[in-house]
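Student: Quick one: the structure is below, and I'll ask about it shortly.
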Amino acid sequence: MNRSNVFLVGFMGSGKTAVYKEISPLVKSENFDLDEEIIKKYGSIETIFEKEGEGHFRALEQKKFSSIPNKNCLVALGGGSVENDIIFEKIINSSNAFYLMDNIENLWDRIKDTDRPLVKKGKDDVIKLFNKRVSLYEKVLNKIDMSKTTISEASEIVIESTWLKDARI
Numbered sequence: 423m424n425r426s427n428v429f430l431v432g433f434m435g436s437g438k439t440a441v442y443k444e445i446s447p448l449v450k451s452e453n454f455d456l457d458e459e460i461i462k463k464y465g466s467i468e469t470i471f472e473k474e475g476e477g478h479f480r481a482l483e484q485k486k487f488s489s490i491p492n493k494n495c496l497v498a499l500g501g502g503s504v505e506n507d508i509i510f511e512k513i514i515n516s517s518n519a520f521y522l523m524d525n526i527e528n529l530w531d532r533i534k535d536t537d538r539p540l541v542k543k544g545k546d547d548v549i550k551l552f553n554k555r556v557s558l559y560e561k562v563l564n565k566i567d568m569s570k571t572t573i574s575e576a577s578e579i580v581i582e583s584t585w586l587k588d589a590r591i
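Below, the structure written as structure tokens:
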């Protein structure tokens with residue numbers, strides 16, 4: 423079975439981190455939540471955005487992504503990762519990439535009270551950002567409709583559809 427990395431892709435609030443956290447303890451694999459890896463090494467995303475700007479954050483994101491092995495890993499990507507050409511090429515060419523999709527109203531309800539830097543710009547800007555990225559997300563091979571799927575169900579879909587089913591603990 424193809425043991426290339428399993429990628430979780432989607433907009434802010436789509437459930438990438440929740441699905442990642444549900445799967446991680448169930449499987450024997452290297453696991454990376456890209457945003458969490460950046461936070462561990464460089465500090466809060468909010469601080470990076472404020473002090474260095476989004477461009478610097480995206481450079482750190484690419485650097486961290488490039489350091490991840492090419493196989494045997496579960497990787498939760500940041501919502502904006504699809505805007506990076508190097509990361510985007512890797513995920514759209516992967517049979518193990520999953521777009522956790524949802525409508526903007528559900529996403530906004532989940533993220534509106536968070537301290538995410540891009541949310542602070544307001545709902546209109548978040549909608550524009552969603553509309554900019556959705557066509558990129560749609561190019562991902564596998565899609566899970568999170569408006570009709572629980573985190574547990576989505577986790578099972580990802581596990582059962584990939585080599586992770588053979589890596590259960």
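What the sequence shown shows, in my numbering, is residues 423 to 591, in sequence order. No residue lacks a Cβ here, since even glycine has one placed at the ideal position from N, Cα and C.
#1: Just checking my contact of Ile591 with Val449 at CB under 8 Å: how many whole Å lie between their CB atoms?
#2: Mapping the DSSP letters down to three states, classify Gly590 as helix, strand or coil.
#3: According to DSSP, is Leu563 part of a helix, a strand, or is it coil?
#4: Using the DSSP secondary-structure output, state which residues sit across from Asn528 in a beta bridge.
#5: If you follow the beta strand (DSSP E) that Phe454 is part of, which residue opens it and which one closes it?
#6: Once you ignore the five residues that flank Gly502 on each side, which residues in its own chain have a CB closer than 6 Å to its CB?
#7: What alpha helix (DSSP H) runs, 4 residues minimum, are completely inside the segment 449 to 528?
#8: Kindly indicate which three-state DSSP category Ser569 falls into: helix, strand or coil?
#9: Expressed to the nearest angstrom, what Euclidean distance is found between the alpha-carbon atoms of Lys554 and Lys542?
#10: Pull up the CB-CB distance for Arg425 and Asn494, whole angstroms please, since I reckon it's below 8 Å.
#11: Out of Phe429, Lys565, Phe552, which one is the CA nearest neighbour of Phe487?
#12: By how many angstroms is the C-alpha of Val556 removed from the C-alpha of Ile514?
Tutor: With the given structure in hand:
#1: 6 Å
#2: Here residue 590 is Arg; the residue named in the question, Gly, does not match the sequence. Of the three classes helix, strand and coil, the one that applies to Arg590 here is strand, per DSSP.
#3: coil
#4: DSSP output for Asn528 lists no bridge partner at all.
#5: 452 to 455
#6: none
#7: 456 to 464, 467 to 474, 476 to 488, 507 to 514
#8: coil
#9: 18 Å
#10: 5 Å
#11: Phe429
#12: 13 Å
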